[in-house]
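What follows is one structure encoded as structure tokens, with my remarks underneath.
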Amino acid sequence: VWQRDEGQFDVEMPVFSANGGSAAYRRAVLDQIGLLDEAFFFSCEDVDLGWRMQLAGWSCIYAPQAIVYHKLSATGGGRTNSFFDGRNFIYLIVKDYPGSLLRRHWRAVLRAQWRITSDALHAWRGDAARARLRGQLAGLWGIPRMLRARRAVQQSRRVSDAQLMAVLTPVAGSDEPE
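Residue numbering for the sequence shown follows our numbering, starting at 2 and increasing by one per position.
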């Protein structure tokens, strides 16, 4: 998403996760890792599912021959999307990001979150910016809940840091993963 198509999408390849509106999952995957987590209501539930899949040793394959039409944020956008993205990005970090990778890449993760916060503070008069900040506060408030969920997710881990790093996308302008 948000990338110009210059032929790089013509090859089948492993990717970290799929957009929930364009994914097909094996039943065995969902039987093992569970369904979408309702705590992620509205956004990032597909990314949470992707984390749990990757950690449990399942892979996600991009299929260039598949055609999917998906209008991003068709049911949300604006304030609603901003709030839940702000909250759920924090939920993802707390619940899914392995401690070993977080210890190694905490600066990049913190910088990315600070960039989101800073952008919202600079645009604080906008409804979406204020919603993003409220969402981030709600994310911080929800940390205890996500820490409880984290135990089960991290116990299901079957892959090495190197395997995860191979499919994580670097933070824009950095060599470190998001």
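Glycine residues also receive a C-beta, built at the ideal position from the N, C-alpha and C atoms. Since the model is a prediction, treat every value here as computed from it, not as a measurement.
Apart from the five residues just before and just after A67, which ones in its own chain have a Cβ nearer than 8 Å to its Cβ?
Closer than 8 Å at the Cβ level, and outside the excluded window around A67, lie S23.
Indicate whether G87 and Q137 have their beta-carbon atoms separated by less than 8 Å.
Against a cut-off of 8 Å, the Cβ pair of Q137 and G87 comes out as a contact.
Considering only the alpha carbon of each residue, which of V16, N20, W142 and G127 lies closest to Y70?
Closest option to Y70, Cα to Cα, is N20.
CA-CA distance, S157 and G58?
One C-alpha to the other measures close to 9 Å.
Hey, would you say I34 sits closer than 8 Å to R53, going by beta carbons?
The answer is yes: Cβ separation under 8 Å.
Anyone know if the C-beta pair for R133 and S101 falls short of 8 Å?
Against a cut-off of 8 Å, the Cβ pair of S101 and R133 comes out as no contact.
Which whole-angstrom value describes the C-beta separation of A130 and A121, a residue pair presumed to lie in contact below a C-beta threshold of 8 Å?
Confirmed, about 4 Å.
Along the chain, where does the beta strand (DSSP E) that runs through V16 open and close?
Per DSSP, V16 belongs to the beta strand (DSSP E) from M14 to V16.
Residues in its own chain within less than 8 Å of G174 by CB, not counting five upstream and five downstream?
Confidence is the limiting factor: at G174 the pLDDT is only 49, short of 50, which leaves the residue's position unreliable and the question unanswerable from this model.
Rank E7, C61 and I91 by C-alpha distance to the C-alpha of F41 and give the top, closest one.
The residue with the shortest Cα to Cα distance from F41 is I91.
Assuming A64 contacts E13 under a Cβ cut-off of 8 Å, what Cβ separation, rounded to an integer in Å, is found between them?
Sure, about 6 Å apart at Cβ, within 8 Å.
Is it the case that the Cβ atoms of A29 and K96 are separated by a distance below 8 Å?
No; because the gap between Cβ atoms is not below 8 Å, this pair is not in contact.
Does DSSP classify P171 as helix, strand or coil?
Strand.
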